[in-house]
Amino acid sequence: MNPKTTKSPRSDRSQRRLDTVISRVFGIKVSDIHSPSTKRQVADARLTAMYLQKELLNKSYPQIAAYFGKKSHSTCISAHSTIAGLLETNPALRSKMEECKQLYANYTVSRSKQRYNLHFLICQQGIRVSGPDRTIYVPASQH
Numbered sequence: 009m010n011p012k013t014t015k016s017p018r019s020d021r022s023q024r025r026l027d028t029v030i031s032r033v034f035g036i037k038v039s040d041i042h043s044p045s046t047k048r049q050v051a052d053a054r055l056t057a058m059y060l061q062k063e064l065l066n067k068s069y070p071q072i073a074a075y076f077g078k079k080s081h082s083t084c085i086s087a088h089s090t091i092a093g094l095l096e097t098n099p100a101l102r103s104k105m106e107e108c109k110q111l112y113a114n115y116t117v118s119r120s121k122q123r124y125n126l127h128f129l130i131c132q133q134g135i136r137v138s139g140p141d142r143t144i145y146v147p148a149s150q151h
């Protein structure tokens, strides 16, 4: 598995959505959050992602560590306490954190992804969708 990807067998959709929101707010790529980069902007985004996964998604520290490819969950505990301290003293980080929370609360999937998800769910039921007008063909056994 590529360490720069956010899709892992231990991740779920909410974690990937949170990564997308954080990358937008911090102005970095989603893959940068999972990179070993030590640049301040990337490191702050990674720490924020760990903090918000604990606060918003109620993930355990070992789950968060597995998602980020860390060996130990103590890294996540350290990130949580670091961000908690910085939120009290750094108003810029506090405003970015509030923006992340607001964007995550209002997160919507793009129309093309919704269309694909609907198409996928319909196909799982054995119904075929094809043609330029997206005609739905229902087998006679399902009438």
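Numbering-wise, the numbering used here puts 75 at position 67 of the sequence shown, and it's gapless, one number per residue.
For each residue, glycine too, the CB sits at the ideal point set by N, CA and C.
- One Cα belongs to ARG32, the other to ALA87, and the distance between them is close to 20 Å.
- Taking C-beta atoms as the reference points, ILE91 and LEU64 fail to come closer than 8 Å.
- Boundaries of the alpha helix (DSSP H) harbouring GLN23: 21 to 34, taken from the DSSP string.
- Assignment of THR56 by DSSP, reduced to helix, strand and coil, places it in the helix class.
- Cβ contact annotation for ALA57 (same chain, cutoff 7 Å, sequence separation greater than five): LEU26, ASP27, ILE30, ILE41, in chain order.
- Collapsing the DSSP output to three states places SER103 in a helix.
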